[in-house]
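Participant: So that we are looking at the same thing, I have put the structure below in structure tokens.
Protein chains: 2
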Amino acid sequence: MPKLSDAAIEKRKETIEDAARELFIKQGFHATSMRDIAKGAGVSLGNLYNYYETKDAIFESIINRYLGVIDEKLKDIFARIDEPLEPENLRRMGGMVGRLVNEHSDFWLLMYIDVLEFQNQHFRKMFDGISARFGKIFAEKFKDAEKRGDLRTGVEAAPVFTAAYMQFFNYFLVEKLFGGNHHLGLTDDQALNCLTKIFAYGTLSESKMASFKKRASKGLA
Amino acid sequence: MPKLSDAAIEKRKETIEDAARELFIKQGFHATSMRDIAKGAGVSLGNLYNYYETKDAIFESIINRYLGVIDEKLKDIFARIDEPLEPENLRRMGGMVGRLVNEHSDFWLLMYIDVLEFQNQHFRKMFDGISARFGKIFAEKFKDAEKRGDLRTGVEAAPVFTAAYMQFFNYFLVEKLFGGNHHLGLTDDQALNCLTKIFAYGTLSESKMASFKKRASKGLA
DNA sequence: TTATAAAAAACGAACGTTCATTTTCTTTCT
DNA sequence: AGAAAGAAAATGAACGTTCGTTTTTTATAA
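Residue numbers (the numbering used here), protein chains in the order written: chain A, 7 to 227; chain B, 7 to 227.
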């Protein structure tokens with residue numbers, strides 16, 4: 007047989023990793039055998055080792071691939087937010103984060119596998135210094151907002167925005183993975199509204215809130 | 007040999023479960039063998055089966071025991087909070103939640119094991135309808151606060167209190183287990199203050215906030 | 001002696017990994 | 001065009017371990 011093209015190898019690896027991911031998520035890493043993965047991918051047991059050195063390497067490859075996907079999705083979300091402290095944008099972000107969590111709940115399960123089995127080696131960077139990263143992404147916007155006096159005195163933009171992001175994120179994680187069952191006692195929509203309101207009133211200056219309320223009463227809502 | 011006393015059996019089970027818990031947390035459930043547990047507890051392999059039917063049963067026993075402990079600690083925390091919507095009390099709760107998370111981080115790891123390996127069977131009740139439970143615990147307090155007009159119009163006490171609790175909880179979890187590394191860009195103290203302020207300004211009526219600020223300026227802080 | 005706890009040995013099944021073998025497909029040669 | 005050669009891919013049996021659990025044996029104290 008001639009050597010497979012890089013594209014062909016890549017394609018095969020994807021089908022293997024798709025099968026492995028599904029199994030890891032459904033039954034955990036250690037409970038999933040190489041035989042399971044082989045069967046799931048429609049590949050022989052031995053052939054797996056032509057593509058990966060070890061079982062761990064499969065997990066790592068899955069994670070690295072997925073990290074890239076989620077990273078893009080997050081970038082996309084933040085790119086769609088021009089004014090990060092605007093309440094309506096916070097609310098929109100919450101919706102997008104919710105969709106991200108729900109559509110990729112398997113990704114967060116992989117994160118828990120990583121925490122338990124690999125001491126969180128691969129996901130460390132996910133939350134490490136996240137506020138500083140938001141500070142960079144929205145550097146001008148945050149500076150502008152502070153100049154304009156949009157924020158209450160003593161309130162910094164980056165931690166507040168991060169806290170809002172984390173709150174949305176965690177809300178949907180609890181709902182999706184931990185049996186929250188509407189743990190705030192509200193529908194998802196109501197919960198998003200409630201949380202957004204808290205962050206809006208909690209962080210914006212009174213003048214900013216007033217102008218926002220005026221705009222809201224005239225506007226869409 | 008005569009039958010062991012119930013107390014003796016209980017004591018032995020505790021040492022076994024202590025060893026098992028440590029191993030489960032350090033290396034995961036499936037990666038921990040019955041031989042590991044036996045060695046860790048200073049007991050023979052076969053003897054484990056005089057105390058537990060299966061390996062799963064050990065895990066379940068650990069969880070049920072621990073759920074009781076955490077439940078008590080949480081009850082204790084809420085018992086120490088007479089006025090749940092008072093900002094200074096929210097802040098105090100945050101501190102207590104932080105200590106709970108940090109001192110019992112293994113408990114939350116067990117929760118992740120449960121999510122991954124047991125479909126969250128044992129921890130379901132942890133977050134299920136948590137807002138309603140807070141609503142019951144603080145029923146009178148919430149009603150009083152709403153009567154007094156402590157809250158902004160349209161803001162319900164239970165979801166807001168729950169959101170605050172979850173935010174504190176999640177903050178420390180991320181710090182402890184996910185390599186947050188001061189992910190809000192603040193010290194823990196500053197983070198607690200920041201979050202408390204958001205929830206205070208975000209949910210309390212202006213009159214209530216004014217009286218609080220007056221009291222704060224006169225008082226300790 | 002007798003009931004029972006504890007220890008040790010043994011069980012079959014399943015694990016991750018290896019490897020000799022077979023299959024597959026391109027290339028080369030007639 | 002078609003057979004032979006060569007190289008890489010795919011296979012699945014087999015390896016040595018280790019797994020959870022069971023069974024057997026030994027030790028202990030009333």
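The C-beta atom is built at its ideal place from N, Cα and C for all residues, glycine as well. All figures in this text were calculated on a predicted structure; none of them were measured in a lab.
#1: Are the Cβ atoms of Val-161 (chain A) and Thr-202 (chain A) separated by less than 8 angstroms?
#2: Would Thr-168 (chain B) pass as an interface residue toward chain A - the criterion being a Cβ-Cβ separation below 8 angstroms?
#3: For Pro-90 (chain A), does the count of other Cβ atoms within 10 angstroms reach 16, so buried, or fall short, so exposed?
#4: Provide the residue(s) that pair with Leu-157 (chain A) in DSSP beta bridges, ordered along the chain.
#5: If you count every other CB in all the chains shown that lies within 10 Å of the CB of Tyr-171 (chain B), and 16 or more means buried, which is it?
#6: What is the C-beta distance between Val-103 (chain A) and Ile-83 (chain A), in whole angstroms, given that I count them as a contact (C-beta under 8 angstroms)?
#7: Can you find a CB in chain B that lies within less than 8 angstroms of the CB of Thr-209 (chain A)?
#8: Leaving aside the five residues before and after Asp-24 (chain A) along the sequence, list all residues of the same chain whose C-beta is less than 6 angstroms from its C-beta, in chain order.
#9: Within 10 Å of its beta-carbon, does Gly-186 (chain A) have 16 or more other beta-carbons around it, so buried, or fewer, so exposed?
#10: Would you call Ile-69 (chain A) buried or exposed, if buried means 16 or more other Cβ atoms sit within 10 Å of its Cβ?
#11: Taking 8 angstroms as the threshold (beta carbon to beta carbon), is Phe-178 (chain B) in contact with chain A?
#12: Buried or exposed for Pro-8 (chain A), please, with buried defined as at least 16 other CB atoms from any protein chain shown within 10 angstroms of its CB.
#13: Between which residues of its own chain and Lys-182 (chain B) is the CB-CB distance below 7 angstroms, once the five residues before and five after are set aside?
#14: Do Phe-133 (chain B) and His-188 (chain A) have their CB atoms nearer than 8 angstroms?
#15: If we define contact as Cβ-Cβ less than 8 angstroms, is Asp-195 (chain A) a contact residue for chain B?
#16: Please tell me whether Tyr-171 (chain A) has its Cβ less than 8 angstroms away from any Cβ of chain B.
#17: Is Val-121 (chain A) close to chain B? Criterion is C-beta to C-beta, closer than 8 angstroms.
#18: Whose Cβ in chain B lies nearer than 9 angstroms to the Cβ of Arg-158 (chain A)?
#19: Contact criterion: CB-CB distance below 8 angstroms. Does Phe-84 (chain B) meet it with respect to chain A?
#20: Report yes or no: do the stretch 90 to 99 of chain A and the stretch 41 to 58 of chain A share at least 3 C-beta pairs separated by less than 8 angstroms?
#21: Quick one: Cα of Lys-219 (chain B) to Cα of Asp-88 (chain B), how far?
#22: What residues in the stretch 93 to 124 of chain A bring their beta carbon closer than 9 angstroms to a beta carbon of chain B?
#23: Kindly give me the distance between the Cβ atoms of Phe-35 (chain B) and Glu-152 (chain B), rounded to whole angstroms, as I take these residues to be in contact under 8 angstroms.
#24: Asn-187 (chain B) touches chain A at which residues, Cβ-Cβ below 7 angstroms?
#25: Kindly indicate if chain A contains any beta-carbon less than 8 angstroms away from that of Gly-191 (chain B).
#26: Could you name the residues of chain B that His-128 (chain A) contacts, counting a contact when the two beta carbons are closer than 7 angstroms?
#27: Quick one, are the C-beta atoms of Ile-15 (chain A) and Ala-47 (chain A) less than 8 angstroms apart?
#28: For Lys-149 (chain A), count neighbouring C-beta atoms within 10 Å of its own C-beta (all shown protein chains included) and say buried if the count is 16 or more, exposed if not.
#29: Please state the DSSP three-state secondary structure of Ile-87 (chain B).
#30: Please state whether DSSP places Pro-3 (chain A) in a helix, a strand or coil.
Facilitator: Looking at the coordinates:
#1: No, the Cβ-Cβ distance between Val-161 (chain A) and Thr-202 (chain A) is not below 8 angstroms.
#2: Closer than 8 angstroms: yes.
#3: With 16 or more other CB atoms across the displayed protein chains lying within 10 angstroms of its CB, Pro-90 (chain A) is buried.
#4: Partner(s): A:Leu-210.
#5: Residue burial annotation: Tyr-171 (chain B) is buried, with at least 16 other C-beta atoms found within 10 angstroms of its C-beta.
#6: Between Ile-83 (chain A) and Val-103 (chain A) the Cβ distance is about 7 angstroms, and since that is below 8 angstroms, they are a contact.
#7: Yes, contact with chain B.
#8: Only residues of its own chain outside the window of five on either side were considered, and among them none has a CB closer than 6 angstroms to the CB of Asp-24 (chain A).
#9: Gly-186 (chain A) comes out buried.
#10: Ile-69 (chain A) comes out buried.
#11: Not an interface residue.
#12: The residue is exposed, with fewer than 16 neighbouring Cβ atoms inside 10 Å.
#13: Closer than 7 angstroms at Cβ, skipping near neighbours: Val-107, Asn-108, Ser-111.
#14: Against a cut-off of 8 angstroms, the Cβ pair of His-188 (chain A) and Phe-133 (chain B) comes out as no contact.
#15: Closer than 8 angstroms: no.
#16: Closer than 8 angstroms: no.
#17: Yes, contact with chain B.
#18: Near Arg-158 (chain A) (Cβ distances below 9 angstroms), the residues of chain B are Lys-203, Tyr-207.
#19: Taking CB atoms only, Phe-84 (chain B) has no neighbour in chain A less than 8 angstroms away.
#20: As far as the Cβ criterion goes, the stretch 90 to 99 of chain A does not touch the stretch 41 to 58 of chain A, which means the pair count is below three.
#21: If you take the alpha carbons of Lys-219 (chain B) and Asp-88 (chain B), they lie about 19 angstroms apart.
#22: With the criterion set as a beta carbon lying under 9 angstroms from some beta carbon of chain B, the members of the stretch 93 to 124 of chain A are Leu-115, Met-117, Tyr-118, Ile-119, Val-121, Leu-122, Glu-123, in sequence order.
#23: In fact, because the Cβ distance is near 45 angstroms, the residues do not count as touching under 8 angstroms.
#24: Per Cβ cutoff of 7 angstroms: Asp-134, Gly-135.
#25: Yes - at least one Cβ of chain A is within 8 angstroms of the one on Gly-191 (chain B).
#26: Near His-128 (chain A) there are no residues of chain B at all, since even the closest Cβ is about 11 angstroms away, more than 7 angstroms.
#27: No; because the gap between Cβ atoms is not below 8 angstroms, this pair is not in contact.
#28: Exposure of Lys-149 (chain A) is indicated by the presence of fewer than 16 other C-beta atoms within 10 angstroms of its C-beta.
#29: In this structure, DSSP gives Ile-87 (chain B) a state outside helix and strand, which the three-state scheme calls coil.
#30: One cannot answer for residue 3 (chain A) here, as it falls past the ends of chain A, which runs 7 to 227.
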